[in-house]
Structures are given as structure tokens and as C-alpha cells.
Amino acid sequence: MSRAAPAADPGTDPFPRPLRAAGPVIGTLVTLGAWTAIARTSGSGWVQALGAVIAGFLLVGLLGPAWAARRGHCTIVSGPADGTAGRPVAFELVTDRPMRVTPVGPAGPAVVTGDGPRHLLVVVPPYRGELVSLEVEAASAAPFGLLWWSKRLTLALPRPVLVAPRRGDPDQAGQSDGPSRGDDAARVDSRVGESRGIREYVPGDLRHWVHWPATAHAGALMVREMEQPADRPVTVEVVLPADPETAERVAERALGTVAQILGQGRQVILVTEERSGPVRQPVDGPAQAGRRLAKAVPGGGPWA
Amino acid sequence: MGLIQAVKQANRDGPPEHSILFRAASTACVVVAVAACWAQGELSGRLTAVSITAIVIGNVFSYVRRGRSLPWLKLILAVAVMAAFVWFFRTVTTQGTAGNISSVEGPLAVLFTIIQVTHAFDVPSRRDLGFSLAGSATLMAVAAAQAVSSNFGLYVVVWTLFGIIGLLSMWTSMVGGRALPGRAFGVAVVSVVVVAVAVIALLPAPHPSNTIVFPSALAGDSQLSTPAALVDGGPKGTDPAQPASPTGPTRVGGFLGFAGPLNTAIRGSLGNQVVFRVRAGQPSFWVAETYDNWNGQGWSQTAVHPGDPLFYGLDVGPPFSLPLPAGQPPGGRTDIQTFYIAVTGANLILHATTATQVWFPASRLFVSDDGTIRAGTSLGSGSIYTVESSVDVATPAELRAATPNPLPGANLPPVYVARYTQLPHPYPRVAALARQITAGQPTVYDKIGALENWIAGHTRYTTDIPPLSKGQDTVTEFLFGNRRGYCEQISTSLTVMLRTLGIPAREASGYVPGPYNPLTDLYEVQAKDAHAWVQVWFPGYGWQNFDPTATVPLANPSPAAALAHEAKGAFDRVPKVPLVIVLAALVTGLAVLAARRRIPGSWGEAVTGHLLRAARRGGLSVGPDQSLPELGARIDALWPPGQAPPPGARFLADAAERAAYGGVEPDPATKKALLRAARRLARAARGRRAAGRSADPVSPPSGPEPGRTTPRPPVGAGRP
Numbered sequence: 003m004s005r006a007a008p009a010a011d012p013g014t015d016p017f018p019r020p021l022r023a024a025g026p027v028i029g030t031l032v033t034l035g036a037w038t039a040i041a042r043t044s045g046s047g048w049v050q051a052l053g054a055v056i057a058g059f060l061l062v063g064l065l066g067p068a069w070a071a072r073r074g075h076c077t078i079v080s081g082p083a084d085g086t087a088g089r090p091v092a093f094e095l096v097t098d099r100p101m102r103v104t105p106v107g108p109a110g111p112a113v114v115t116g117d118g119p120r121h122l123l124v125v126v127p128p129y130r131g132e133l134v135s136l137e138v139e140a141a142s143a144a145p146f147g148l149l150w151w152s153k154r155l156t157l158a159l160p161r162p163v164l165v166a167p168r169r170g171d172p173d174q175a176g177q178s179d180g181p182s183r184g185d186d187a188a189r190v191d192s193r194v195g196e197s198r199g200i201r202e203y204v205p206g207d208l209r210h211w212v213h214w215p216a217t218a219h220a221g222a223l224m225v226r227e228m229e230q231p232a233d234r235p236v237t238v239e240v241v242l243p244a245d246p247e248t249a250e251r252v253a254e255r256a257l258g259t260v261a262q263i264l265g266q267g268r269q270v271i272l273v274t275e276e277r278s279g280p281v282r283q284p285v286d287g288p289a290q291a292g293r294r295l296a297k298a299v300p301g302g303g304p305w306a
Numbered sequence: 006m007g008l009i010q011a012v013k014q015a016n017r018d019g020p021p022e023h024s025i026l027f028r029a030a031s032t033a034c035v036v037v038a039v040a041a042c043w044a045q046g047e048l049s050g051r052l053t054a055v056s057i058t059a060i061v062i063g064n065v066f067s068y069v070r071r072g073r074s075l076p077w078l079k080l081i082l083a084v085a086v087m088a089a090f091v092w093f094f095r096t097v098t099t100q101g102t103a104g105n106i107s108s109v110e111g112p113l114a115v116l117f118t119i120i121q122v123t124h125a126f127d128v129p130s131r132r133d134l135g136f137s138l139a140g141s142a143t144l145m146a147v148a149a150a151q152a153v154s155s156n157f158g159l160y161v162v163v164w165t166l167f168g169i170i171g172l173l174s175m176w177t178s179m180v181g182g183r184a185l186p187g188r189a190f191g192v193a194v195v196s197v198v199v200v201a202v203a204v205i206a207l208l209p210a211p212h213p214s215n216t217i218v219f220p221s222a223l224a225g226d227s228q229l230s231t232p233a234a235l236v237d238g239g240p241k242g243t244d245p246a247q248p249a250s251p252t253g254p255t256r257v258g259g260f261l262g263f264a265g266p267l268n269t270a271i272r273g274s275l276g277n278q279v280v281f282r283v284r285a286g287q288p289s290f291w292v293a294e295t296y297d298n299w300n301g302q303g304w305s306q307t308a309v310h311p312g313d314p315l316f317y318g319l320d321v322g323p324p325f326s327l328p329l330p331a332g333q334p335p336g337g338r339t340d341i342q343t344f345y346i347a348v349t350g351a352n353l354i355l356h357a358t359t360a361t362q363v364w365f366p367a368s369r370l371f372v373s374d375d376g377t378i379r380a381g382t383s384l385g386s387g388s389i390y391t392v393e394s395s396v397d398v399a400t401p402a403e404l405r406a407a408t409p410n411p412l413p414g415a416n417l418p419p420v421y422v423a424r425y426t427q428l429p430h431p432y433p434r435v436a437a438l439a440r441q442i443t444a445g446q447p448t449v450y451d452k453i454g455a456l457e458n459w460i461a462g463h464t465r466y467t468t469d470i471p472p473l474s475k476g477q478d479t480v481t482e483f484l485f486g487n488r489r490g491y492c493e494q495i496s497t498s499l500t501v502m503l504r505t506l507g508i509p510a511r512e513a514s515g516y517v518p519g520p521y522n523p524l525t526d527l528y529e530v531q532a533k534d535a536h537a538w539v540q541v542w543f544p545g546y547g548w549q550n551f552d553p554t555a556t557v558p559l560a561n562p563s564p565a566a567a568l569a570h571e572a573k574g575a576f577d578r579v580p581k582v583p584l585v586i587v588l589a590a591l592v593t594g595l596a597v598l599a600a601r602r603r604i605p606g607s608w609g610e611a612v613t614g615h616l617l618r619a620a621r622r623g624g625l626s627v628g629p630d631q632s633l634p635e636l637g638a639r640i641d642a643l644w645p646p647g648q649a650p651p652p653g654a655r656f657l658a659d660a661a662e663r664a665a666y667g668g669v670e671p672d673p674a675t676k677k678a679l680l681r682a683a684r685r686l687a688r689a690a691r692g693r694r695a696a697g698r699s700a701d702p703v704s705p706p707s708g709p710e711p712g713r714t715t716p717r718p719p720v721g722a723g724r725p
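Chains A and B supply the protein sequences, listed in that same order.
Everything in the first sequence is counted per the working numbering, starting at 3 for the first residue and increasing by one.
Everything in the second sequence is counted per the working numbering, starting at 6 for the first residue and increasing by one.
Structure below.
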């Protein structure tokens, strides 16, 4: 995936390499050797002339693709802004000649581009992250299809693709349960919510919530019961460890957690560590959370 | 994996090939190869017609059934191929000659053709079509092994073109394309031709192996009524040789040299018809006859002893081992020459300097003691024979050392000395002239050189000489009369001058090597290559060739005439048919490419083409992400503001873009005017390169092209 790509070199590997060359090369040598032997045994000039034509076919067929692959250009002209790890992402690829383009970072199915300049190049990013380029193997066997020569290209994307992590299982243990804990209520602004009834006092309730007339009427300490605020934010802090695999799992769990909380109609403040520093901002949906998690880097800590 | 499974795996049908062009091209390759075998006489006309029909039908069948395999069909085809192999081995073991490749090539062509026919019915996939292409190459090789004419080049060229089309369409099919790319076709043709020419030029010419039986065959082999008699052609090749006369038959290409005695008083009209072809390791004079007896106007052969037969038969062969001519040293370097007779002619077996072995398909040959060889049959067109000749050519130093004056004729029996210094009369003027010219020359070799130099300086070459009248002496007339003549007068004069000095010499007739054809690896000898030259005896080296004609300048030469002569000679040596075909193919290809470039698809494309040309001439880089109006603005910036040729590149670009993408085209008159303006703009941009660099408002001032090498920020969140 692009995260491992050299940062400052979206250019090309200028020297194509032959792919599985042993068979064609040995076949060519055997053919030309046998042909030379026949020409010299028969003493016929036309056999030798025909052998020269065959040599022309074989040499052009074996070496021509190197030239074609060397000269071939690929460009990504458009693509999505978002993606999800493990799910295909399609880009629009333009080539200046027929080639076989195989994405290798992230991987994807090969595309052959003989029927026009524009094609869909599909990759499947295995991890979350910010995808700014693709690594591809651009191969050509032109003009005769006898041997493939391939070069590795790093194709810059027209805009970065933020690859969200997969949605993992939500982290139940880390979620706070505001209404059942009086301590939590202490942190809520008293002006938040509206009174909807009376209930018995539970430890932790604020003193000014006590409803004295009802207390007098019931003979027990009664407090006003308040509506929970609909946008009461839940803070989710994501601390990614240095180990990439573990970090990926943490991010997946974080996205699952955020999605679940958001699904409950509650607001989430997502705290992540990005390259520019800690970011603490609310997220309004799983997609935005995925983008934030895509940009998250290891580091940070509780309430960093 | 077991063996059977491995075989099954290898023979499993590949994915069906849908490209009709690929299939058609590979079929055409096979058809051309079969036709080439027919043209070389390896396949009968009926078998060829049936095979070609079956191959075409088979490929159509394979295309129709390409998605559905037929196991029973494979079985039938396998049985057919096995039957063909059985037939082949039976034929070869009963009719073939061990080591004789020629005896195998016919059955081999039939076998390969049958294989191609059966294969044609089961070529569903790309791999199968590739096998068809490779098989056609093998079939072409079988045909090429028999080809000696340049006309075979036509088959090679056509097969090559279809092969290129086939391989290109295979590649196009591999990448999902539909149309054959015209530019790639042109590049492929040029590349293959360049590599092929380079390989032909760099590789040494093939030489026949010494382990095989050399080719020999007879065509129209009518037995002669008098076996050792000389015949000089005619319709059946059996007409007896007649003394030449101005009104007599001129036979092969108009050459009278083999018409019995060599009459120097008359001359036929030589043509440029190819009379035979020679495959040889090195060029040489192709010797037909030598003459010992000079009568003042003509040469003839005589027996060593009066009353003896001139020729005696050799009955052990082929190959026939020839005795060395008297005094000829044994051993030395040899060379193999195979002669392919193109025109029925004299029954003389040609050879290089001294023949030692002859492969000739007859039970008897006739040889004279001077090394002249005659066949007992006619030599019709298509006859082939092979000769091993001694080709030792001594160096000047060796020849000088071999004959320190006065030892001419050493190692030569006296009877031969007398024979090869014979003169019809004393030639006092000639002898005096020869002595005067060679005075002070220490060796025979130097004497010959001096005489050649004198002839070169005092005579002129021309074929335009009047016939000698009866009683006139050719040598006297040539040396002291008009001093004009051709090879017969010139060589005869040198021979007679040498004989007046007591140096054994004789007249030889035959052919010069002729132009070499690099494609066929053959010397193509024409009638006009007939020649006469001198052979001089050197002790220890035998008869050595000297050609005084080579140094004699043309009569009344002029630079223009000499140049024209050289140019014509060079042109004549070029094989015409392949050259014309290749040139025609190249011209056609270039014309198609030029036409395709010249005819833009639409008015918008034409204007865009001019704008791109203007950008290129102005030194502007055009990126793939640049829009046409942006490019127009950059082109306008090549000029100071307001000075760009009207209406300006931006205006033209907007119009082209509207036409191309909006479907809004100007009226015809406006289109014409704008196109003219775009052309003018492209021309005017030629000198704006320097200005373009400083005034380019869009392109980056320096650094890599956007989108390809622009540095990007690091990526990889969450990964070290």
C-alpha cells in the first residue's frame, strides 16, 4: 500500500524487466541454433534468409516489449475521495498504449488496456490510511506478445484517498453510561435538559434538583427527572499503538464503537493523533469517523 | 502428477481465441507455405489444392467450434497424423538415400502439409494458432531448402507480412484490442526487416557439410547418340555442337564459346539471361573447356598423342574421382561447387580451377587429359551437379619463386611443353614485341605482368569489332592492327605472346563468377558472364589463371559512360523481385501512414493538431491534464500581448473545443478561415521557442512534469 511507498518518488522504475523469460529465451536460442544447423547442413541460402526473418521475429518479439514498456505511460486521472480497507476502490486509468497494468500496492486485478486509453483500475487497500499514490506493474509484450517486460510505476493520485478501517466490534467497556451514574451527571451543565417528571433521589443527584413539594408530599427525597439531551456528546479517544497490525485492530474497533454510538443518536467527539498533532473534533457520521481514523497515526494518550 | 495427467494438462484446450484477424493471418501463413512447397516442386498440384482447401475449411470449422471441444475429433486427427508419420518413415526408408537431404525433403514437405491440414481442424485457442504459425515456418524452411531462384523471395515476403500481421493481431487480442494498430505494424515491419538484413549481413554464408551427399539431379536427361560428343543445347539439349558461324545458332544466351572450336573471328550476342546458378565457398572462374591448339583464328582441343581419343570414360561413380591433369601437383585447398542449370546448354561439367570429384547422377562421365569434363547425357534446365575442385591460388611471391628464368615448363612432360607452346607459324613480330616488353623481367610471373600491362596500355576493350576476313590472324590484327577486341582477342594475344617466349600457356573458356545473391547464397551466372582467359603453367602449382581483359580499358571511355556502366552493373546485381516487393510494401505503408496523418477525423481535430504543432514548435510542454483552452492561452503568451497572429490560439482552441464537445461548428467559410489561421499560427510559432520559455504563464518554470515526478508528501498513516 502507498504507506510503504517512497515518499518523494512517484516517478518510474526506468528499466523494465522481463517476466518469466527463461522459456522464450531458451526457445529462441534452440530455434535459431537448430535453424543455423539446418542452414549450414543444407547449404541453402534461402533457409538462412528465412532464418534471418525468424530471428527478426524472435528478437523483435523478445526485445520490443522492453522498448514498449520503457516508453509506456500510465496516469490516474480520477478516483474517489474515500475508501474502506478490504473493499475495492476504483480509479480511472489512462495509458498511452496497450499495456497490462497490475496494481501491487495496494493489490488488485490486472487491467489490459488494448481497447482504448481509459480503464477502471480497481485496488483493494488492505489497511486504513491516506492513499496518495498507487504502485503498479506496467507490462507490455508489444508488438508480438512473445515475452512480457514489466516496470514498476508509482502513480500519483489526483487527490488522496482516505481509506477508513474496517468496522470492527464496538468497544463496550469503554462507553460511559451517563444516566445511571450520578458522578457523570455532575459534569453536565445544569441547564441542559428539561424536566419531565419526578423520581426518587439516588446518590449523586445534584442538590438543586431536589423537588421540595414532591418530597414533602411523598415523604421521601424526590428530585426532578430531566430529559437526556439528544446531542450529548460521547468522547471516543483513539490511541493507536506502534505495531501496525494492533493499530489496525484498534482503529477498526474504534470505528465500530463510534458507529454504534452514532447509531444510538448520540454525538461523538473523536480524539485522534494526526501528523499535525492531536485532533479533538466531533464527528457526524461513520464516514467522517473513517476519514479521521484514516489519518490517525500512533501516539497520543488520554486527553492528549 | 502422473505422466498421463501431465500430458492431459499440457494438451488441455486454452481459452478460445476470438480474433478473426489472427486466425486469418495464421491460415494465410500456412497457405503461403504450402504454396511455396508446391512452387519448389515438393508438392503436387493436386495435393496442394486439396491441402489449401482443407486448411481453410479446417480453420473456419475451428473458429465456429472454438468454444466447444470435440474429443472424438482429436482422436481422429491423432490417428491421421500417426498414419502420416508411418507413411513418411516407410517412404524415406524405401526411397531415401542415406545422407542425401534432397531425397527426404519431398516426403518431409508432404508430412508437414498433412500435419498442418489435420491441425487446422483443431485450433480453437491462441496457443494453437501460434503453433500453426510456427508450423508454417517449418514448412517454409522445407521449401527454402530447395529454392535457388530469387522468385522464392516473393513467398518469403508475403509469408513475413502475414506472420507480422498474425503476431500483431495475437498481441492485440491479448490486450483486448480490436483493430490492428497501423503504426505498430509499420514499426514491426521495419524492425523485422532491419534485424533480418543485419543477421544476413553478419552471419557467414552457409557451407554444405562434408558429411552429406551433395545434390545432383538430371532434367531432360536424353542420352547422347555419341556419348563423349559435345552438344551445345538445342530444344532437347542433344544437338551436336557446330562450328560457330555468323549465321548459325547462337544457343545459350547467344554464346558461341562452346560451339566446338572457339572461333575468335566471330562473336554471338550475349544476353543477360541466367544460364546457371552456383553455390560455392568462394568465387572463381567456372571453367568449361581449355584449348591447346591455335590456328590463327580459332582454338581447338587435341589429343596428347595423335590418334588417341580426346576423351575417355570414367565408369566408377558417383562420385567420380578425376585423375589429376598431367603435371598438376596433388593436394591443396578444395572447394565445393553445386551448379543449378537454368537453361539447357552444352553437356560440359563446369568446375573451378581443377576438378577432383564430381557428383553427377549418371553411370559415366567423359574426361580429357586437360581436365575438361563432358556428360554423356544432355543437361536440361533443372539439372544439378556438384563438383569438388582444387582452388589453390598461389601468391605472386610463390609464383615468382616457382619460375626463375629460364625454367618454364619444368615438371611438365616434354610432350605437354610442345603442346602448350604450339603456334601455327613463328609470329616474328609478336615474338619481337613480347621479348621487347619482357626484357629485363626476371621471372615468368613478371613477364606475364609486363605483357598484361602493355596490353592494358596499348589496347582497348570493345565488342564492336568487325569479323575477321579469311586468312587474317587474330593476334596480329589485335596487336598491330586496330588494337581493339574483347576477351577472346585479348586472352589469345597474351597466350600467343607467352608461347613465343616458350612459356606453356593455354586458352580457357567458361564464365566469370557472376553476381552474388546474398539471399539465395548463389552466384547467378548470366550468358553475358561468358569469358575467355589464359592459364599459364607454373611448376609446383599447375595451371594458374590470368585475366588480361580485366585491366584493359573500354574503348573511348568517358567518365559518364564508365559511371553508367558501373551503375548498370550494380543495378543488374540487385535481385529485382524481392526489392520491388519490399519497396512497394514500404511505399504503401508510408503512404497509408501519411494519409492517416494527413486526414484528421474532424475539423476540431484538425485545428487541435495545428495548435499542438504550434506548441511543439514554440517549445511548450503539453501535459495530459491540460485543457485545450489552457494550451491556447499558453500559445498566445509566446507573443507579446496582443501580437499573436489573429484570431489567437485561445480563440481557435475555444472554437475547436465547442466543435468537438459541444457539437457547435462554425459555418463552412468560417471553418475554412479558422483552419487557415491555425495553420498560419503553427508556422509562426516556429521562431517563438525562446520567447515561449520566458513567457509561458502556466507551465512550471522548471522541475519535473506535474503528475509524474512532482514530489508528494509522505504517506502512510499508522505505519512506521
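Where a beta carbon is used, it is the ideal one built from N, C-alpha and C, also for glycine.
Residue burial classification, B:Y466 (beta-carbon count within 10 angstroms, cutoff 16): buried
Listing by chain order, which chain B residues have their CB less than 7 Å from the CB of A:P280? By Cβ distance, chain B contributes nothing, its closest Cβ being about 14 Å from A:P280, past 7 Å.
Let me check you understand the geometry: is the CB of B:T400 closer than 6 Å to at least one non-hydrogen atom of the ligand GTP? Of the ligands one can find in the structure shown there are none, so the ligand GTP has no counterpart to examine.
Helix, strand or coil for B:T307? Go by DSSP, reduced to three states. coil
Identify whether A:V190 lies in helix, strand or coil by the three-state DSSP scheme. At A:V190, the pLDDT of 45 sits below 50, so the modelled position is not reliable; the number obtained from the coordinates is stated separately. If DSSP states are grouped into helix, strand and coil, A:V190 belongs with coil.
Own chain, CB closer than 6 Å to B:D672, minus 5 neighbours either side, in chain order: none
Terminal residues of the continuous alpha helix (DSSP H) containing B:K676? Unbroken alpha helix (DSSP H) run through B:K676: 673-689.
Write down the C-beta distance between B:A513 and B:T361 rounded to the nearest angstrom, noting that I regard them as a contact closer than 8 Å. The Cβ separation is near 17 Å, so there is no contact.
Under 6 Å Cβ to Cβ from B:A59, same chain only, skipping five residues before and after it: list those, please. Hits under 6 Å: V122.
Where B:H463 sits in the DSSP three-state scheme: helix
Determine, using beta-carbon pairs with one atom in the segment 173-189 of chain B and one in the segment 68-86 of chain B, whether at least three such pairs fall under 8 Å. no
CA-to-CA distance, B:Q531 to B:I120, given in whole angstroms: 40 Å
Note down the Cα distance separating B:V12 from B:F157, rounded to an integer number of angstroms. 39 Å
Using a beta-carbon distance below 7 Å, is A:G116 in contact with chain B? yes
Could you pull the DSSP bridge partners for A:P105 from this structure? A:V138
Which chain B residues are close to A:W151, counting only those with a beta carbon under 7 Å from its beta carbon? Correct list: empty, because the minimum Cβ distance to chain B is about 13 Å.
Provide the residue span of the beta strand (DSSP E) that contains B:T32, from first to last. No beta strand (DSSP E) holds B:T32; the alpha helix (DSSP H) holding it covers 25-44.
In three-state DSSP terms, what is B:D659? helix
Beta-carbon contacts of A:P328 that lie in its chain and below 8 Å, excluding the five residues immediately before and after: What the structure shows of chain A is the stretch from 3 to 306, and residue 328 of chain A is not part of that stretch, so it cannot be assessed.
Going by DSSP in three states, B:F167 sits in which element: helix, strand or coil? helix
How long is the line joining the alpha carbons of B:T343 and B:P520, rounded to whole angstroms? C-alpha separation (whole angstroms): 16 Å.
Use the C-beta contact count for B:I442: other C-beta atoms within 10 angstroms, 16 or more gives buried, fewer gives exposed. buried
What is the residue span of the alpha helix (DSSP H) that A:H219 lies within? 214-220
Can you check whether the CB of A:S152 is closer than 7 Å to the CB of A:L60? Their beta carbons are not under 7 Å apart, which means A:L60 does not touch A:S152 by this criterion.
Looking at C-beta atoms only, is the number of pairs between the segment 604-623 of chain B and the segment 637-645 of chain B that lie closer than 8 Å three or more? yes
When you compare each of B:T479, B:Y160, B:N277, B:V501 to B:F576 by their alpha carbons, which one comes out closest? B:N277
Using a Cβ-Cβ cutoff of less than 7 Å, which residues in the same chain neighbour A:A71 once the five nearest sequence positions on both sides are dropped? The beta carbon of A:A71 is closer than 7 Å to those of P18, A140, A141, S142, W151, S152, K153 in its chain, skipping five residues each way along the sequence.
What does a CB cutoff of less than 8 Å around B:F190 pick up in its chain, not counting 5 residues either side in sequence? I169, I170, L173, G594
Chain-ordered neighbours of A:A144 on chain B, where CB pairs are closer than 7 Å: W176, A189
With burial defined as no fewer than 16 other Cβ atoms inside 10 Å of the residue's Cβ, what is the status of A:L159: buried or exposed? buried
Per DSSP, the bridge partner or partners of B:H124: Paired residue(s): none; B:H124 is not in a bridge.
Would you check if the distance between the CB atom of B:G337 and the CB atom of B:T426 is smaller than 7 Å? Against a cut-off of 7 Å, the Cβ pair of B:T426 and B:G337 comes out as no contact.
Which of the three DSSP states, helix, strand or coil, is assigned to B:T58? helix
Listing by chain order, which chain A residues have their CB less than 8 Å from the CB of B:S368? What B:S368 touches in chain A, judged by beta-carbon distance under 8 Å, is nothing: the nearest beta carbon there is about 25 Å away.
With 7 Å as the threshold, decide whether the Cβ of A:L61 is near any Cβ in chain B. Chain B has a Cβ within less than 7 Å of the Cβ of A:L61.
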